[in-house]
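J.: In my numbering, the protein residues as written are 59 to 465.
Glycine included, every Cβ here is placed at the ideal spot set by N, Cα and C.
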Ligand code: SF4
């Protein structure tokens, strides 16, 4: 019988106690494996990256699935594999093409890491995906979880997996009542996952494990009545499944204020390309200044400047800058950015890239679809493309101003 810990936190076994957790019982481990894999055989979703055991496809899918839902990833995955069907094709591709294929998924560092991993496989493994755990862990962007996914799904190696779904399931199975993100919690969950993954059939087990978290043991109101392992779940037995996992609330996002200018000249607008070593490296955007709060994108010019002066410093031109035409809000890492968009008109000067920028271009709005744009810039471009006809969206606070003044 599990000992109940002191009141005040989700009740479960005492983490200090070795004997109270079910994963230490080999017969429990055996039952969970069997029930889970049997259920998976009947209930799993058909997903494009499950069609075969190609480690490259598995790596692409797992890199895409970090912080993104399965539904969102499916079209990207198919397009990306159509564009870069092999490790060699991805390694040889232009980085801008890779970012373009990734555009909209966010976390662009992942796209760069994926391409870097492909280049390592070509350079160091003759283009053949390694099956050695150390070689896989050494690939850029591959941590313990993704290595476990590739090793078990592609090569059926008994590598454990702890990610968003499985850590929730595990914490409920064990009725783990401590903060899920704590180092001790993570160590304990990896330990349990290591006990659970079988020597043979590791890939099926891990996929079943993740699928249970995605379909049944969901974050809020887990579907215990249809759960294939309900009889083995300590949280369910103790009636605490709605209070586990314990997750410390995230700190409130930090507010950031920025302004950008859509500078028009003869039917074209000015876009600038960001330089290396910065968030959204090599992405295109409208000239943008940081106004207040933290500066996650490194846009500060060292001193407060108005937007016309910012445009002069960033692009070397003078421009008439109108009032705020529209305000967009979006999240960047732990920040919440308020972006004020101004219409502007070129007055003089030939453009040259300023601090932190490597290129610039005058383009018609409709041509910007071919550029690599972050999600926020794409929203602005979409608005500009449809401007006068649409009312402001729910996140957008200002309405539309009259069209650009004639040049
Ligand atoms: Fe999750 Fe409920 Fe199943 Fe336990 S019984 S694993 S809480 S769905």
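Ligand 1 and residue 318: does any heavy atom of the ligand fall closer than 7 Å to the residue's C-beta?
T.: Start at 1 with the first residue of the chain shown, and residue 318 comes out as number 260. Checking every heavy atom of ligand 1 against the Cβ of residue 318, none is found closer than 7 Å.
J.: I want to check one thing, is the minimum distance from the CB of residue 278 to the heavy atoms of ligand 1 below 7 Å?
T.: Here residue 278 refers to the residue found at position 220 of the chain shown. The answer is no for residue 278.
J.: Is it true that the CB of residue 337 sits closer than 8 Å to the CB of residue 355?
T.: Locating residue 355 in the chain shown gives position 297, where the first residue counts as 1. Locating residue 337 in the chain shown gives position 279, where the first residue counts as 1. Cβ atoms of residue 355 and residue 337: closer than 8 Å.
J.: Please state the DSSP three-state secondary structure of residue 131.
T.: Counting from 1 along the chain shown, the entry for residue 131 is found at position 73. Of the three classes helix, strand and coil, the one that applies to residue 131 here is helix, per DSSP.
J.: Can you tell me whether DSSP reads residue 81 as helix, strand or coil?
T.: Against the chain shown, residue 81 aligns to sequence position 23. Residue 81: helix per DSSP, three-state reduction.
J.: Going by beta-carbon coordinates alone, are residue 423 and residue 327 separated by less than 8 Å?
T.: One-based indexing of the chain shown puts residue 423 at position 365. One-based indexing of the chain shown puts residue 327 at position 269. Going by C-beta atoms, residue 423 is nearer than 8 Å to residue 327.
J.: Measure the C-alpha to C-alpha separation of residue 78 and residue 231 and round it to an integer number of angstroms.
T.: Here residue 78 is taken as the residue at index 20 of the chain shown, counted from 1. Here residue 231 is taken as the residue at index 173 of the chain shown, counted from 1. Cα to Cα, the separation comes out at about 12 Å.
J.: List the endpoints of the continuous beta strand (DSSP E) containing residue 347.
T.: The residue labelled residue 347 in the question sits at position 289 within the chain shown. Residues 346-350.
J.: Use the C-beta contact count for residue 305: other C-beta atoms within 10 angstroms, 16 or more gives buried, fewer gives exposed.
T.: Looking up residue 305 in the chain shown gives position 247. An exposed status is given to residue 305, since fewer than 16 other beta-carbon atoms sit within 10 Å of its beta-carbon.
J.: Measuring only from the beta carbon, is residue 467 closer than 7 Å to any heavy atom that is part of ligand 1?
T.: Any answer about residue 467 is impossible in this case: the structure gives the chain only from 59 up to 465.
J.: Comparing the C-beta of residue 229 with each C-beta of chain D, is any distance below 8 Å?
T.: Within the model displayed, chain D is absent; a lone protein chain is all it includes.
J.: Less than 8 Å between the C-beta atoms of residue 491 and residue 156, yes or no?
T.: Since the displayed the chain opens at 59 and closes at 465, residue 491 lies outside it and no answer follows.
J.: In angstroms with no decimal places, state the Cα-to-Cα distance between residue 159 and residue 222.
T.: Residue 159 sits at position 101 when you count from the first residue of the chain shown. Residue 222 sits at position 164 when you count from the first residue of the chain shown. So the two alpha carbons sit approximately 25 Å from each other.
J.: To the nearest angstrom, report how far apart residue 87 and residue 110 are at their CA atoms.
T.: Here residue 87 refers to the residue found at position 29 when the chain shown is read from its first residue. Here residue 110 refers to the residue found at position 52 when the chain shown is read from its first residue. C-alpha separation (whole angstroms): 28 Å.
J.: Spatial neighbours of residue 93 within its chain, please: CB distance less than 6 Å, with the 5 preceding and 5 following residues excluded, ordered by chain position.
T.: Counting from one through the chain shown, the residue named residue 93 turns up at place 35. Counting only Cβ-Cβ distances below 6 Å, and skipping sequence neighbours, we find 286, 287.
J.: Where does residue 466 fall in DSSP's three states?
T.: In the structure displayed, the chain extends from 59 to 465; residue 466 sits before or after that span and is not available.
J.: Taking one C-beta from the region 249-259 and one from the region 104-119 each time, how about it: are there three or more such pairs within less than 8 Å?
T.: The region 249-259, when compared against the region 104-119, does not touch it at the 8 Å Cβ threshold.
J.: What is the rounded straight-line gap between the Cα of residue 440 and the Cα of residue 384?
T.: For the purposes of this step, residue 440 is taken as residue 382 along the chain shown, with counting starting at 1. For the purposes of this step, residue 384 is taken as residue 326 along the chain shown, with counting starting at 1. C-alpha separation (whole angstroms): 13 Å.
J.: Roughly how many angstroms separate the alpha carbons of residue 269 and residue 95, rounded to a whole number?
T.: Translated into the one-based positions of the chain shown, residue 269 becomes position 211. Translated into the one-based positions of the chain shown, residue 95 becomes position 37. Rounded to the nearest whole angstrom, the C-alpha separation of residue 269 and residue 95 is 10 Å.
J.: Can you find the residues in the same chain that come closer than 8 Å, C-beta to C-beta, to residue 116, ignoring five residues on each side of it along the sequence?
T.: Translated into the one-based positions of the chain shown, residue 116 becomes position 58. The residues are 107, 207, 208, 211, 212.
J.: Using the DSSP secondary-structure output, state which residues sit across from residue 376 in a beta bridge.
T.: For the purposes of this step, residue 376 is taken as residue 318 along the chain shown, with counting starting at 1. DSSP, once it has assigned bridges, lists 406 as partnering residue 376.
J.: Can you tell me whether residue 425 is buried or exposed, with buried defined as 16 or more other CB within 10 angstroms of its CB?
T.: Translated into the one-based positions of the chain shown, residue 425 becomes position 367. Looking at its Cβ environment, which holds fewer than 16 other Cβ atoms inside 10 Å, residue 425 is exposed.
J.: From the DSSP secondary-structure annotation, give me the bridge partner or partners of residue 268.
T.: Taking the chain shown and counting its residues from 1, the one referred to as residue 268 is at position 210. Per DSSP, none; premise fails for residue 268.
J.: From residue 373 to residue 309, what distance separates their C-alpha atoms?
T.: Your numbering for residue 373 matches position 315 in the chain shown. Your numbering for residue 309 matches position 251 in the chain shown. Rounded to the nearest angstrom, the two C-alpha atoms are 36 Å apart.
J.: By a C-beta neighbour count over all protein chains shown, 10 Å radius and 16 as the cutoff for buried, is residue 330 buried or exposed?
T.: For the purposes of this step, residue 330 is taken as the residue at position 272 of the chain shown. Flag for residue 330 reads buried.
J.: If you reduce the DSSP assignment to three classes, tell me which class residue 385 lands in.
T.: The residue given as residue 385 occupies position 327 in the chain shown. Here residue 385 sits in strand by DSSP.
J.: When you compare only the Cα positions, how much space is there between residue 386 and residue 186?
T.: On the chain shown, position 328 is the one that residue 386 refers to. On the chain shown, position 128 is the one that residue 186 refers to. The alpha-carbon of residue 386 is positioned some 45 Å away from that of residue 186.
J.: Could you tell me the distance, in whole angstroms, from the CA atom of residue 416 to the CA atom of residue 122?
T.: The sequence position of residue 416 within the chain shown is 358, counting from 1. The sequence position of residue 122 within the chain shown is 64, counting from 1. Each residue's alpha carbon lies about 28 Å from the other.
J.: According to DSSP, simplified to helix, strand and coil, what is residue 234?
T.: Position 176 of the chain shown holds residue 234. Residue 234: coil per DSSP, three-state reduction.
J.: Using three-state DSSP, classify residue 357 as helix, strand or coil.
T.: One-based indexing of the chain shown puts residue 357 at position 299. Here residue 357 sits in coil by DSSP.
J.: Looking at the structure shown, is residue 447 part of a helix, part of a strand, or coil, going by DSSP?
T.: Start at 1 with the first residue of the chain shown, and residue 447 comes out as number 389. The predicted position of residue 447 is uncertain, since its pLDDT is 44 and thus under 50; no value can be drawn from it.
J.: So, with DSSP's three-state summary, where would you put residue 102?
T.: Position 44 of the chain shown, counted from the first residue, corresponds to residue 102. Residue 102 falls in the coil class under three-state DSSP.
J.: Relative to the alpha-carbon of residue 342, which residue among 351, 348, 332, 274 has its alpha-carbon at the smallest distance?
T.: By 1-based counting over the chain shown, the position of residue 342 is 284. Among 351, 348, 332, 274, the Cα nearest to that of residue 342 is on 332.
J.: Are the Cβ atoms of residue 392 and residue 307 separated by less than 8 Å?
T.: As a position in the chain shown, residue 392 is number 334, starting the count at 1. As a position in the chain shown, residue 307 is number 249, starting the count at 1. Taking 8 Å as the Cβ cut-off, residue 392 and residue 307 do not qualify as a contacting pair.
J.: Verify whether the separation of the beta carbon atoms of residue 292 and residue 233 is less than 8 Å.
T.: Counting from 1 along the chain shown, the entry for residue 292 is found at position 234. Counting from 1 along the chain shown, the entry for residue 233 is found at position 175. Inclusion of residue 292 and residue 233 in the CB contact set at 8 Å is warranted, their separation being smaller than that value.
J.: Going by DSSP, what residue range makes up the beta strand (DSSP E) through residue 417?
T.: On the chain shown, residue 417 is found 359 positions in, with the first residue counted as 1. Here the beta strand (DSSP E) through residue 417 covers 415-421.
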